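Trainee: One gets my numbering by counting positions in the sequence shown from 1 and adding 57 to each.
The C-beta atom is built at its ideal place from N, Cα and C for all residues, glycine as well.
Nothing here was measured: the structure is a model prediction, and the numbers come from that model.
Handing you a structure now.
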Amino acid sequence: MRLRLSQDAQFVYKKKIKNMNGVRNMSKCIMLLFALNIICINSDAQMDQQPGFKEHQQRYETRWDSLKQDKYRYDANWESLKKYTVPDWFRDAKFGIFIHWGVYAVPAYGGESYGEWYPYNMYRKDTKVFKHHVETYGAQDTFGYKNFIPMFKAEKFNADQWAKLFKEAGAKYVVP
């Protein structure tokens, strides 16, 4: 088994992201984040052969087309951003899951900050993280952040379990 983007996310990536020269629509960004963060386990059966896939694909295409409306366009200035409105699907979602999980989970230490800041704080001599790193792993010039990368294996990760849990919790979207 290997982890991969779902067929929906691949569809959006192939059709939309590759063709964008610059992001000029915040709604597109939100939709792309939503679609690209649908994670599933690759099985022998192709996603497009599973029941409901074509309807799923059509729903995303319809949502994408709705984002082309002028009310979702903006320019990179404050006046334009003041006119921005959140898309209905996002506003109505009410509940989503944001996951903070990466290589920084290996040392799993935040000190006076969040664990996500470990790679930054481990090089700042005045932090608890710096001291912890030296005491636990050695000097940063011999054991740097890059040395954690092969240790991040996600051996107990099960996308199906996570998706089921998020669905049971009522989440309408997931963003890692």
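1. For V232, which beta-bridge partners are listed by DSSP?
2. Return yes when the Cβ of S170 is within less than 9 Å of the Cβ of V186, no when it is not.
3. Going by beta-carbon coordinates alone, are G227 and F147 separated by less than 9 Å?
4. Could you give the residue range of the alpha helix (DSSP H) that holds K188?
5. Run through DSSP, which three-state label would D217 get?
6. With distances taken between CB atoms, is the gap from G168 to T184 smaller than 9 Å?
7. Buried or exposed, going by whether 16 or more other CB atoms sit within 10 Å of the CB of M208?
8. Out of F214, E225, K210 and N215, which one is the CA nearest neighbour of V163?
9. Could you check if Y141 is buried or exposed, using at least 16 other CB atoms within 10 Å of its CB as the buried criterion?
10. Quick one: grab the DSSP three-state call for C97.
11. Taking all protein chains shown into account, do 16 or more other C-beta atoms lie within 10 angstroms of the C-beta of F214, making it buried, or fewer, making it exposed?
Mentor: Judging by the given coordinates:
1. Looking at the DSSP output, V232 sits in a beta bridge with F155.
2. In terms of Cβ geometry, V186 and S170 form a close pair [threshold 9 Å].
3. Cβ atoms of G227 and F147: not closer than 9 Å.
4. Segment K185 to Y194, the alpha helix (DSSP H) holding K188.
5. Here D217 sits in helix by DSSP.
6. Yes.
7. With fewer than 16 Cβ atoms within 10 Å of its Cβ, M208 is classed as exposed.
8. Of F214, E225, K210 and N215, the residue nearest in Cα terms is K210.
9. The residue is exposed, with fewer than 16 neighbouring Cβ atoms inside 10 Å.
10. Low local confidence applies: a pLDDT of 35 at C97 is under 50, so the model's placement there is unreliable, with the coordinate-based value given in what follows. DSSP places C97 in strand when its eight states are reduced to three.
11. In the assembly as shown, F214 is an exposed residue. Its beta-carbon has fewer than 16 other beta-carbons within 10 Å.
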